[in-house]
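If you count the sequence shown from 1, position 568 lands on 568 in the UniProt record's numbering, and the numbers rise without skipping.
For reference, the structure is listed below as structure tokens.
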Amino acid sequence: MMNSKGVDFTADKVLAREFLSSFADSNGEAKYLNLLQDVANHKTRAVEIDLEDLINYKDLDEEFLRRVTENTRRYIGIFADAIDELMPEATEHFTDDDHDILMTQRSDEGAEGADGSDPLQKMPSAIKRYFDVYIKASSKGRPFTIREVKSSYIGQLVRISGIVTRCSDVKPLMQVAVYTCEDCGFEIYQEVTARVFMPLFECPSKRCKTNRNKGNVILQLRASKFLKFQEAKIQELAEHVPKGHIPRTMTVHFRGELTRKVAPGDVVELSGIFLPIPYTGFRAMRAGLVADTYLEAMSVTHFKKKYEEYELRGDEEEQIARLAEDGEIYNKLAQSLAPEIFGHEDIKKALLLLLVGAPHRKLKDGMKIRGDLHICLMGDPGVAKSQLLKHIITVAPRGVYTTGKGSSGVGLTAAVMKDPVTNEMVLEGGALVLADMGICAIDEFDKMDESDRTAIHEVMEQQTVSIAKAGITTSLNARTAVLAAANPAWGRYDLRRTPAENINLPPALLSRFDLLWLILDRADRNSDLEMARHIVHVHQYKESPALGFTPLEPSVLRAYISAARRLSPTVPRELEEYIASAYSSIRQEEAKSTTPHSYTTVRTLLSILRISAALARLRFSETVAQSDVDEALRLMQMSKFSLYSEEQKKSGLDDISGIYSILRDEAAKRRRMDISYADALNWISRMGFKEDQLKQCLEEYAELNVWQIHPHTFDIRFIDA
């Protein structure tokens, strides 16, 4: 820390006052005078002085800047004194709060001037202020990692990045203690600058000393000044940890308006003053001269905003409106997710819908129906399941990634721990609680112990974590979308066994997933060649091959999704029968099948509604359309497509024969001889076939006189043989 010898703090106070009164922003407005007017009008309590403004102010020399950066705690006081002198009169009417009433009463009683020669009886400036001063570090250059902040930075303003792992409750911290003497009636003030202080027991006023009376003083809590105080732990980001090391943590103190700005799981950038703090109590006896360190926070910047916090600028609103009008936006958004990963178009569409979600429903009697989608990717090794999971976590504003083997039941839900600040038993949220209002990705889902996996059941449907441990009985919110990745029971999918044997997950868990996506890796010359070319291109150029359009940046994706999530689409009455019959036919097909591919329950019907609502949100529509329901049914069918295609190969059917079989079976089921082209296309696309294959099938079987085709509408009429 710099030596303050020879520094004229009075001159620096004059410089600070000149800066606050003269600095103008890029629009030519007096930035800090306007801010002080808002403080005087009780619109804000925080005065944030940006170091960038000090750098850009022409009348300040580099020495002053260096002193502010290296002795920040002292200069916060200097700027606060300058603000006291510059504080304008209020221009707007506001209701007096407790602080104003106390200050008015003290000035009326003349307490401020009572025996001003005694510093203990003089009202300190801290008790008169209703604002907090913060000095924000310059945003130029990269922030420090926690292990780079060494002892040479003690007392200096530093900027660090990390992930918040723990937050205490907000507690009151005494800033000025006010005492009243029982004998002489004087108010005595004691400024508190540390976490601990020695209270006064005897009246130090001249009147009590003259009378040789040990006046008894009483601490007046109502008259004392308290600050909001919160302690948090910040941990190094995984990418900043050197090989073979474990992440380091740092204690952060938030005061005043900075409290409640962070939550566990947030990735943040903090600027603050790096300070030592001596141990107290028994720890001080054992520690000797060793002191702990902490960061006194001055500003907080979140790397990723929550969806609710997105405030779209004019240009962003125009861009999103332009995108929404694009007929191909659904495909473009999906292809913009992990463009480096080859194929998996429908899986990416499902993951896009997971990010968008459906609106939560709360019924009149208090029952809640979840809106979050849960997806399980089950497939052979090497089909990019884990890569997709990690990419979704980076795109989502709030996401937690964990693995099945590295997670216990309490690690996913909540654990009871002892708070180091208060020594109380407190609940520490697990991965699912940290991912509240976000996404929890669980890799290697099949490797989890069964006892740990059952902890997820309540979270997936009720979206809460109920705890009854160590005298704590409560319920925590876990409104999270679960994205799981798993391998089949024997590492690879065995076609000789039933789907139930391969999937190896209990029906109670399977039914909670809206989509269970089976991804089989089977040899196919054309697709293998395309994939190999794609991978070689990514390795060579470090980007994906051209998609025909520029993939959207994650920030644009987040902005679009945040705008879409504000809508709450409803299902119109005319679609009720259509959805009910679609669900009924799925149940009938499963009942007829000897080896059902999935486990269909009433939850499947809710899944159809959720996926349809998410699709309506993407279109910025307030109502669900039939096309949304058809796409939801298609995605549910496509999730088993790799399995159907394998069975089709085993049965020896080519694509054209397969399409004919689908159309014949669907027509027989409905007892119809006429089929519209739109219905035919819908049925075959659910099974993964394309429109050009349908047209080829129509031509071939029309030549065989199996059906007739309408020349304009391509509708089909079966010829009754």
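C-beta atoms are modelled at their ideal positions from N, C-alpha and C, and glycine is treated no differently.
Here the structure is a predicted model, which means the values were calculated and not measured.
- Annotation: the continuous beta strand (DSSP E) that includes Lys469 extends over Thr464 to Lys469.
- By the beta-carbon neighbour count (other beta carbons within 10 angstroms, threshold 16), Asn705 is exposed.
- A direct Cα-Cα distance of roughly 24 Å separates Arg672 from Asp692.
- Closest option to Cys184, judged by alpha-carbon separation, among Arg260, Leu518, Lys206 and Thr570: Lys206.
- In this chain, the alpha helix (DSSP H) harbouring Thr394 covers Lys385 to Val395.
- Taking 9 Å as the cut-off, the beta carbon of Ala523 is found no closer than this to the beta carbon of Lys385.
- Per DSSP, reduced to three states, the secondary structure at Gly256 is helical.
- Along the region 21 to 96, the alpha helix (DSSP H) occurs as fully enclosed runs of 4 or more residues at 31 to 40, 51 to 56, 62 to 70 and 72 to 86, listed in sequence order.
- In this structure, Gly256 sits away from Leu157, with a CB-CB distance that is not shorter than 9 Å.
- Residue environment analysis places Phe513 among the buried positions, since at least 16 neighbouring C-beta atoms fall within 10 angstroms of its C-beta.
- Under the DSSP definition of a beta bridge, Glu202 partners with Asn216.
- Residue Thr95 holds the alpha-carbon nearest to the alpha-carbon of Asn41 among Asp61, Tyr330, Asp84 and Thr95.
- Note on Gln463: 16 or more other CB atoms within 10 angstroms of its CB, so buried under the neighbour-count rule.
- With respect to the C-alpha of Gln588, the residue from Thr600, Tyr578 and Ile579 having the closest C-alpha is Thr600.
- Residue burial annotation: Ile320 is buried, with at least 16 other C-beta atoms found within 10 angstroms of its C-beta.
- Its chain contains Ser612, Leu615 and Ala616 as the residues whose beta carbon lies nearer than 7 Å to that of Asp628, once the 5 sequence neighbours on both sides are disregarded; these appear in chain order.
- DSSP places Ile375 in the uninterrupted beta strand (DSSP E) bounded by Ile375 to Gly379.
- For the 9 Å CB-CB criterion, Val536 and His374 do not form a contact.
- Taking C-alpha positions only, Ala396 is separated from Asn216 by approximately 60 Å.
- The beta carbon of Leu698 lies closer than 6 Å to those of Ile709 in the same chain, with the five residues before and after it left out.
- When Cβ pairs closer than 8 Å are counted between the two stretches, the region 258 to 269 is seen not to touch the region 240 to 247, the count staying below three.
- DSSP links Lys368 through a beta bridge to Lys362.
- Taking all protein chains in view, the Cβ of Tyr134 is crowded by 16 or more other Cβ atoms within 10 Å, so the residue is classified as buried.
- Taking one beta carbon from each stretch, the region 71 to 83 and the region 10 to 17 have 3 or more pairs nearer than 8 Å; the two touch.
- With a cutoff of 9 Å on beta-carbon distance, Ile675 and Arg717 are scored as near each other.
- Judged by DSSP secondary structure, Asn682 falls within the alpha helix (DSSP H) whose first and last residues are Tyr677 to Arg686.
- Per DSSP, reduced to three states, the secondary structure at Ala481 is strand.
- In this structure Asp528 is exposed. Its beta-carbon is surrounded by fewer than 16 other beta-carbon atoms within 10 angstroms.
- Asp446 is positioned such that its CB atom lies no closer than 9 Å to that of Asn477.
- When C-alpha distances from Ile188 are compared across Val149, Ile127, Phe9 and Gly399, the shortest belongs to Ile127.
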